[in-house]
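**Student:** One structure, as C-alpha cells, below. Some questions next.
Protein chains: 2
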Amino acid sequence: MKNILGREIPDYIEGYGKVKPFNGASASYGIKTKSKVKLTSVKPGDKKLLSSINEALDKVKIKDGMTISFHHHLRNGDFILNNIVYEIAKRGIKNIKIAASSIFPIHEPLVEHMKNGVVTGIVTNYISGPVAEAVSRGYLKTPVVMMTHGGRPRSIESGEIHIDVAFIAAPTADSYGNINGVYGNAACGSLGYAVPDAQYADKVVAITDNLVPYPACPIEISQEYVDYVVKVDSIGNPDGIVSGTTKIAKDPVGLKIAQMAARVMDASGYIKNNMSFQTGAGGTSLAVAAELEKIMKDRGIVGSFAAGGITGYIVDMLDEGLFRNLFDVQCFDLKAVESYRDNPKHQGMGGSMYGSPSNKGAVVNNLDVMILGATEIDTDFNVNVTTGSNGIIMGGSGGHSDTAAGAKLAIVVTNLVKGRLPIIKDKVTTITTPGESIDVVVTERGIAINPKRKDLIEKLEKSNLPIITIEELKDKAEKMTGKPEEVKFSDDIVAVVEYRDGTVIDVVKKVLG
Amino acid sequence: MKNILGREIPDYIEGYGKVKPFNGASASYGIKTKSKVKLTSVKPGDKKLLSSINEALDKVKIKDGMTISFHHHLRNGDFILNNIVYEIAKRGIKNIKIAASSIFPIHEPLVEHMKNGVVTGIVTNYISGPVAEAVSRGYLKTPVVMMTHGGRPRSIESGEIHIDVAFIAAPTADSYGNINGVYGNAACGSLGYAVPDAQYADKVVAITDNLVPYPACPIEISQEYVDYVVKVDSIGNPDGIVSGTTKIAKDPVGLKIAQMAARVMDASGYIKNNMSFQTGAGGTSLAVAAELEKIMKDRGIVGSFAAGGITGYIVDMLDEGLFRNLFDVQCFDLKAVESYRDNPKHQGMGGSMYGSPSNKGAVVNNLDVMILGATEIDTDFNVNVTTGSNGIIMGGSGGHSDTAAGAKLAIVVTNLVKGRLPIIKDKVTTITTPGESIDVVVTERGIAINPKRKDLIEKLEKSNLPIITIEELKDKAEKMTGKPEEVKFSDDIVAVVEYRDGTVIDVVKKVLG
Numbered sequence: 001m002k003n004i005l006g007r008e009i010p011d012y013i014e015g016y017g018k019v020k021p022f023n024g025a026s027a028s029y030g031i032k033t034k035s036k037v038k039l040t041s042v043k044p045g046d047k048k049l050l051s052s053i054n055e056a057l058d059k060v061k062i063k064d065g066m067t068i069s070f071h072h073h074l075r076n077g078d079f080i081l082n083n084i085v086y087e088i089a090k091r092g093i094k095n096i097k098i099a100a101s102s103i104f105p106i107h108e109p110l111v112e113h114m115k116n117g118v119v120t121g122i123v124t125n126y127i128s129g130p131v132a133e134a135v136s137r138g139y140l141k142t143p144v145v146m147m148t149h150g151g152r153p154r155s156i157e158s159g160e161i162h163i164d165v166a167f168i169a170a171p172t173a174d175s176y177g178n179i180n181g182v183y184g185n186a187a188c189g190s191l192g193y194a195v196p197d198a199q200y201a202d203k204v205v206a207i208t209d210n211l212v213p214y215p216a217c218p219i220e221i222s223q224e225y226v227d228y229v230v231k232v233d234s235i236g237n238p239d240g241i242v243s244g245t246t247k248i249a250k251d252p253v254g255l256k257i258a259q260m261a262a263r264v265m266d267a268s269g270y271i272k273n274n275m276s277f278q279t280g281a282g283g284t285s286l287a288v289a290a291e292l293e294k295i296m297k298d299r300g301i302v303g304s305f306a307a308g309g310i311t312g313y314i315v316d317m318l319d320e321g322l323f324r325n326l327f328d329v330q331c332f333d334l335k336a337v338e339s340y341r342d343n344p345k346h347q348g349m350g351g352s353m354y355g356s357p358s359n360k361g362a363v364v365n366n367l368d369v370m371i372l373g374a375t376e377i378d379t380d381f382n383v384n385v386t387t388g389s390n391g392i393i394m395g396g397s398g399g400h401s402d403t404a405a406g407a408k409l410a411i412v413v414t415n416l417v418k419g420r421l422p423i424i425k426d427k428v429t430t431i432t433t434p435g436e437s438i439d440v441v442v443t444e445r446g447i448a449i450n451p452k453r454k455d456l457i458e459k460l461e462k463s464n465l466p467i468i469t470i471e472e473l474k475d476k477a478e479k480m481t482g483k484p485e486e487v488k489f490s491d492d493i494v495a496v497v498e499y500r501d502g503t504v505i506d507v508v509k510k511v512l513g
Numbered sequence: 001m002k003n004i005l006g007r008e009i010p011d012y013i014e015g016y017g018k019v020k021p022f023n024g025a026s027a028s029y030g031i032k033t034k035s036k037v038k039l040t041s042v043k044p045g046d047k048k049l050l051s052s053i054n055e056a057l058d059k060v061k062i063k064d065g066m067t068i069s070f071h072h073h074l075r076n077g078d079f080i081l082n083n084i085v086y087e088i089a090k091r092g093i094k095n096i097k098i099a100a101s102s103i104f105p106i107h108e109p110l111v112e113h114m115k116n117g118v119v120t121g122i123v124t125n126y127i128s129g130p131v132a133e134a135v136s137r138g139y140l141k142t143p144v145v146m147m148t149h150g151g152r153p154r155s156i157e158s159g160e161i162h163i164d165v166a167f168i169a170a171p172t173a174d175s176y177g178n179i180n181g182v183y184g185n186a187a188c189g190s191l192g193y194a195v196p197d198a199q200y201a202d203k204v205v206a207i208t209d210n211l212v213p214y215p216a217c218p219i220e221i222s223q224e225y226v227d228y229v230v231k232v233d234s235i236g237n238p239d240g241i242v243s244g245t246t247k248i249a250k251d252p253v254g255l256k257i258a259q260m261a262a263r264v265m266d267a268s269g270y271i272k273n274n275m276s277f278q279t280g281a282g283g284t285s286l287a288v289a290a291e292l293e294k295i296m297k298d299r300g301i302v303g304s305f306a307a308g309g310i311t312g313y314i315v316d317m318l319d320e321g322l323f324r325n326l327f328d329v330q331c332f333d334l335k336a337v338e339s340y341r342d343n344p345k346h347q348g349m350g351g352s353m354y355g356s357p358s359n360k361g362a363v364v365n366n367l368d369v370m371i372l373g374a375t376e377i378d379t380d381f382n383v384n385v386t387t388g389s390n391g392i393i394m395g396g397s398g399g400h401s402d403t404a405a406g407a408k409l410a411i412v413v414t415n416l417v418k419g420r421l422p423i424i425k426d427k428v429t430t431i432t433t434p435g436e437s438i439d440v441v442v443t444e445r446g447i448a449i450n451p452k453r454k455d456l457i458e459k460l461e462k463s464n465l466p467i468i469t470i471e472e473l474k475d476k477a478e479k480m481t482g483k484p485e486e487v488k489f490s491d492d493i494v495a496v497v498e499y500r501d502g503t504v505i506d507v508v509k510k511v512l513g
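Protein sequence lines correspond, in order, to chains A and B. Quick note on numbering: the first sequence equals residues 1 to 513 in this note's numbering. Quick note on numbering: the second sequence equals residues 1 to 513 in this note's numbering.
Here is the structure:
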C-alpha cells in the first residue's frame, strides 16, 4: 500500500497493528470521542504519600505488558524514567511499553532494558541519542511509534494508546498530589505535556524531590488526578533541564537566513498588530525571533501571542510589550520558568490545547507564522526531522507537524548544505511533516515557495528576495555536494511515524550494515 | 422502601427513575468511571464566533427534550439562563431540562416556562425564590433533582446526567472560546462550577459581554472545550452578582454563637499551624471567621488553606498571612474577585476538585473545620437546608453535605429559634446532610456534640463550654416556641434530594393547601 505521499507502507505492521494510511493534513477532522476513564475514588482520611518507588510499584500492581508514561520537561536532566524502569527491571518484569513524550541521551539505560526484553515498546514524539540509535539498529522488539506533540494527547484522549501508569516527575508536589513545575531544585516551568497522562492514565504517581506543605500552589496538575505521591532525593539534574539547543545563532550564514526569513514574513504581510508567532529553539530559528523583534519594535507593533516551548528570548518580547501573551507548553530555560511563574500574561497550556487536532481548537490553529527547522526537505516540500541522512533516528516531529498544519505561514529555515550533505533532496529519508503544510523554505542561497501558495508567490515576487523553485534550490545544493549516496535499509520496520491524526505518514527501516 | 436514615422513598420515582437509596456518607467510594465525551473537532480556519443566541441555538440544533446547563457564578444578577430559555420558548420547543448549578430569584421567568411545558425538568444544587416556590407547589412536570456542589460534577463526569448544551456566561471571552471571570462588567472571579459542564457537555456555548482580543488570559476555561462564542450586550447585573448574604453578623446573639463556635474549635485542638478552614457566607458563619482570625493573629498561627465560596473577609486572612493559600470555587464579592485575579496564592478550583466524592480526592477531604448553617436540625444531627419549616423549598445543599462529609470538625452554627420556630426538632422536614457528618451544633443556649464523636465530648467536657445533649437543646427550643404544627404534605414528590454520591437521601413532597 502507498499512502497519499507515495510512501510504501504495509497494511499491517507486526508489533504495531493495522495501519491507517496518511491521507492529507485535514482528512481526519470531524466527530471525535474522548475515552472514558476508570479510577479509584479517594475518600476523606485516605493518604497518598508513599515511602518509595517500590511501594508505588506495588500499589499500582505493576506487571508484564503494561504501558507506563513519562513527560519530558526535565529533558536531558531527567532521572525519573531511568529510575522507574530500573526498579521494574529488578522485579523481573518484561514487555513494558514506554510512552514518553520525548527521550533524550540521558535515557541510555533503556538500551539495556530493550536488549533484555524489559522494554519492548516505545511511543514517543522525539528521540535522540543512544536510544534512538539502538532503535535504528533494531534492538527494540516492536517498532517505536513516533507521534507528534499534538498527536500524543489526541491518542491518549481517544484511548488509542492506553496508559496503565503515568509517572509524573514533579518539581514540586504536596502529599495529596497537587503538582507544579515552578519551584524546587528541578523547576522546569510548564508541565503541559503531562496533562493528558494525568487525566487519562489508570493510575497516576507523582514523584517529587520537593515535597511542600499542602497545597502546592500554583497548581498545574491537580490532586483530583493523582493517586500516589513519592518523595525521592532528586528527580533530575537542573543542568540537563535547560536545553542545550536554546542559543541564538551568531554565525553569518544563520543570521543571513534569519534576516531573509523575517523579510519573507514581512513581504507576506504577516508582521502586523495582533500577529501570532512561534519559533523552534534552534539557533537560526531563534535568530528569526530576534529579527522579528527589531521590526516589531521599530514599527510599534503589538502581537497577540507567541507560543510553544518558550525561551528567554521570547520572554523578552513579552516583557517589551511586543506580544500581549505567551502560550507555554514547555519552558526551555530558567528565564522562561521565572516568567511563567510570575507573569500572569505568560499562560500555560496542556499538550492537547497546544496541538491536538481532535479537540475544539488547538493553539496551533491560531498561529500566523511558524519558524521550523529541517534535516531534509524534498521537492514536494515534505520535511524530515525524524532521521538523519544516514537513516538513523535522531529526533522526531515534536510540535513540527502540529504547528506547520496550524500556521498560516510555515517557514522552514535551514542552511542549504550541512556537514557536506545537501538538505534539499528528491526524496527525504523519512517524511515527518507533509509538504502541504510547508509554505516557504529559506536558505542562504535562495528561497523556495510552495507552488500551492500562489498568494505568497505573488506577494514575494514583488520583493527583491531571491525567490527560486525548490528544484533549483536542490540543484544548487547538489552542485555543492554532489548527489549523496543512497542509504541502504533492510525490510525491517523500526519506527512507525504517525501523523498528528494517528494515520501513518511513513515508516523507518533498519539501516543495513 | 426506607433508606438508612429511615426516610420513606419509593423504589422508582416518576420523572426521576430508579432510586438508589442513601446508604451512609462513605458507602459509595471505590471504582468510578468518568464518561466518554463526543465532540466535533475544530480545524485551522474554523470560526467560533456567532452573531446571536439564535444562531447558537441553530448551530447546537436545540430541540425538544434536551438538557441544557448553566453555572451560577452571576448569582442573582444572571441574565443568561432567562435569555436562553426565552429564545428557546419562542421557538415552540418543549420538555427542556435545566441543569443549573443554582437557581435564584432572578430566574422567576422559569415559572411561566414550567407552567407552559417549555421546562419540564430541573437539576440544581440550590434553588431559592419564585422558582423554588413554584416547584414546591407542583408546577414542574417532573421532580426537581437537588444535588450538591460536589455531586453535580460527579454526576456530570460519570455521565449520569448528560448535558446536551452548556451555556456558559463568560465575563470575558475571546472569539476562540477562552474564558475568564476576572475581567469585564460582570466579573465574578472563579468559574469553578462551569468546569465540568465545559468538559462533558456535547456542545458548549460561551456567552460574553466582554469580547476581548485573543487570547483571553488568564484562561479559566480553555478553547479546547468551547464550540461557539456569542457576544451579547450584557450577561448580568453586577449588583446581583455580589451575594446579599455576605455580611458579617453584628447582632449580639450571632456574635455570641460565633465566639462559642471558635471556642469549640479551639478546645477541640483544631486551631493550630497548618489548619484548614471553610465557612459559609452567612452572617454568623462569617463571624466565626472573624473570631478565628483574632485567635490566629494572637497566637501567630499560620493555616494551610481556607476554601469555598470566598469572601473579602477570608481574603483579608490570606493577606494577613493567616493562611498560606485559598481554594476558590466561587467569589462572593469584589474583593474576592480582585484577589483571585491578582494573588497567585488565591488558587481556583473546579467543582469536581472542590467537592466530588468520585475523583482522586476533593479539597473538602482536606478540611479540618467547616462552619455550616442550618434551617433545621434533628436529634440525629441530620440537617435541613433544603426546605423551610413550612415545607417550601428555599435552598439546598450547595456545598453543605460535601464539606460536612470532608471536614474533620463540622460545626453547625445557628440561633436556637428563628422566626418563633425551633431549629432543633425530632425530625427535620427534609434531610439535606446526614447527621453522621455533623459533629457539633452551636446555639446561643447550648452546644450539642454528636455522640459518635466521643473524642470531642471528652475534650470539650474539660472546657467550661455549655455542653448539653441535642435532646436537651431541642427541649429548650420547644419550651420557647411550643411544639410547631406539622406541615401537611400531599403524596406528590416535587423534589428528589440526592446525596453527593447520587443516592437519594430524601424527597420533598408537595405542600397541601
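We put the CB at the ideal spot given by N, CA and C, even for glycine. All of these numbers come straight from a predicted model, not from anything done at the bench.
Within the 8 Å Cβ cut-off, does leucine 39 (chain A) reach chain B?
**Tutor:** With 8 Å as the cut-off, leucine 39 (chain A) counts as an interface residue toward chain B.
**Student:** Does any residue of chain B have a CB that is nearer than 8 Å to the CB of glutamate 224 (chain A)?
**Tutor:** With 8 Å as the cut-off, glutamate 224 (chain A) counts as an interface residue toward chain B.
**Student:** Inspect the beta-carbon positions of threonine 432 (chain B) and valine 508 (chain B) and report whether they are closer than 8 Å.
**Tutor:** For threonine 432 (chain B) and valine 508 (chain B), no; Cβs fall outside 8 Å.
**Student:** So, with DSSP's three-state summary, where would you put threonine 405 (chain B)?
**Tutor:** Note on identity: in this sequence residue 405 (chain B) is alanine, with threonine being the wrong assignment. Three-state result, alanine 405 (chain B): helix.
**Student:** Any C-beta of chain B within less than 8 Å: which residues of the region 210 to 242 of chain A qualify?
**Tutor:** Listed by position, the residues of the region 210 to 242 of chain A near chain B (Cβ gap below 8 Å) are Pro213, Tyr214, Pro215, Cys217, Pro218, Ile219, Ser222, Gln223, Glu224, Tyr225, Val226, Asp227.
**Student:** Would you list the residues sitting across from isoleucine 467 (chain B) in a DSSP beta bridge?
**Tutor:** B:Ile447, per the DSSP bridge assignment.
**Student:** Is there contact between the region 161 to 172 of chain B and the region 45 to 52 of chain B, where contact requires at least three CB pairs shorter than 8 Å?
**Tutor:** Touching, no.
**Student:** If you measure from the beta carbon of serine 304 (chain B) to each beta carbon in chain A, is any gap under 8 Å?
**Tutor:** True, the Cβ-Cβ gap to chain A drops below 8 Å.
**Student:** Taking threonine 33 (chain B) as the query, report the chain A residues whose CB atoms sit under 9 Å from its CB, ordered along the chain.
**Tutor:** Result: Lys36, Val37, Lys38, Leu39.
**Student:** With hydrogens ignored, establish whether the beta-carbon of lysine 335 (chain B) is closer than 7 Å to any heavy atom of the ligand SAM.
**Tutor:** You won't find the ligand SAM in this model; it holds no ligand whatsoever.
**Student:** Could you check if threonine 311 (chain B) is buried or exposed, using at least 16 other CB atoms within 10 Å of its CB as the buried criterion?
**Tutor:** Result: buried.
**Student:** Would you list, in chain order, the members of the region 176 to 187 of chain B that have their beta-carbon closer than 8 Å to a beta-carbon of chain A?
**Tutor:** So the close ones are Tyr176, Gly177.
**Student:** How would you call threonine 403 (chain B), buried or exposed, if buried means at least 16 neighbouring beta carbons within 10 angstroms?
**Tutor:** Classification of threonine 403 (chain B): buried, given that the 10 Å Cβ count is 16 or more.
**Student:** Can you confirm whether glutamine 330 (chain B), when its beta carbon is compared against all beta carbons of chain A, has any partner nearer than 8 Å?
**Tutor:** Chain A contact via Cβ: absent.
**Student:** What do you get for serine 41 (chain A), buried or exposed, if any count of 16 or more other CB atoms within 10 angstroms of its CB means buried?
**Tutor:** Buried: at least 16 other Cβ atoms inside 10 Å.
**Student:** Give me the chain B residues within the contact set of proline 344 (chain A), using Cβ-Cβ distance strictly less than 9 Å, ordered along the chain.
**Tutor:** Going along chain B in sequence order, the residues near proline 344 (chain A) (Cβ under 9 Å) are Cys217, Pro218, Arg341, Asp342, Pro344.
**Student:** Quick check on alanine 206 (chain A) - is its C-beta less than 8 Å from some C-beta in chain B?
**Tutor:** It does not; no Cβ of chain B falls within 8 Å.
**Student:** Could you tell me the alpha carbon to alpha carbon distance between lysine 61 (chain A) and isoleucine 93 (chain A), rounded to whole angstroms?
**Tutor:** Their Cα atoms are separated by approximately 11 Å.
**Student:** Using DSSP with H/G/I as helix, E/B as strand and the rest coil, what is serine 69 (chain B)?
**Tutor:** Reduced to three states, the DSSP call for serine 69 (chain B) is strand.
**Student:** Which residue marks the beginning of the alpha helix (DSSP H) containing aspartate 78 (chain A), and which one marks its end?
**Tutor:** Segment: none, aspartate 78 (chain A) is in no alpha helix (DSSP H) and carries neither H nor E.
**Student:** Quick check: is the beta carbon of aspartate 402 (chain A) nearer than 8 Å to any beta carbon in chain B?
**Tutor:** No, no contact with chain B.
**Student:** Candidates A:Ser401, A:Ile4, A:Ala134: which alpha carbon is nearest histidine 514 (chain A)'s?
**Tutor:** An answer regarding residue 514 (chain A) cannot be provided, because it is not within the stretch 1 to 513 covered by chain A.
**Student:** Identify each residue in the region 363 to 378 of chain B for which the Cβ-Cβ distance to at least one residue of chain A is less than 7 Å, and report them in chain order.
**Tutor:** Under the 7 Å Cβ criterion, the region 363 to 378 of chain B contributes Asn365, Asn366.
**Student:** Does tyrosine 29 (chain B) have its Cβ less than 8 Å from a Cβ in chain A?
**Tutor:** Closer than 8 Å to some Cβ of chain A, the Cβ of tyrosine 29 (chain B) qualifies, so yes.
**Student:** My output table needs one value for alanine 374 (chain A): the three-state DSSP class, helix, strand or coil.
**Tutor:** DSSP places alanine 374 (chain A) in coil when its eight states are reduced to three.
**Student:** Under three-state DSSP, which class holds alanine 495 (chain A)?
**Tutor:** Note: alanine 495 (chain A) maps to strand in three-state DSSP.
**Student:** Taking only beta-carbon atoms, is proline 44 (chain B) less than 8 Å away from chain A?
**Tutor:** At least one chain A Cβ lies under 8 Å of proline 44 (chain B).
**Student:** When the Cα atoms are used, what is the spatial distance from glutamine 330 (chain B) to cysteine 188 (chain B)?
**Tutor:** About 8 Å.
**Student:** What does DSSP give as the partner residues of alanine 410 (chain A) in its beta bridges?
**Tutor:** The partner list for alanine 410 (chain A) (beta bridge, DSSP) reads A:Met370.
**Student:** Determine the direct distance from the alpha carbon of aspartate 328 (chain A) to that of histidine 149 (chain B), and round the result to whole angstroms.
**Tutor:** If I take the Cα positions, the gap works out to 32 Å.
**Student:** Taking CB distances under 8 Å as the criterion, tell me whether serine 358 (chain A) reaches chain B.
**Tutor:** With 8 Å as the cut-off, serine 358 (chain A) counts as an interface residue toward chain B.
**Student:** Given cysteine 217 (chain A), which residues of its chain have a CB within under 8 Å of its CB, disregarding the five upstream and five downstream residues?
**Tutor:** Result list for cysteine 217 (chain A): Asn178, Asn180, in chain order.
**Student:** How many angstroms separate the CA atom of aspartate 514 (chain A) from the CA atom of asparagine 274 (chain A)?
**Tutor:** Residue 514 (chain A) lies beyond the range of chain A shown here (1 to 513); nothing can be said about it.
**Student:** Reducing DSSP to helix, strand and coil, say where isoleucine 96 (chain B) ends up.
**Tutor:** DSSP places isoleucine 96 (chain B) in strand when its eight states are reduced to three.
**Student:** Go ahead and pull the three-state DSSP assignment for histidine 162 (chain A).
**Tutor:** Residue state, collapsed to three classes: coil.
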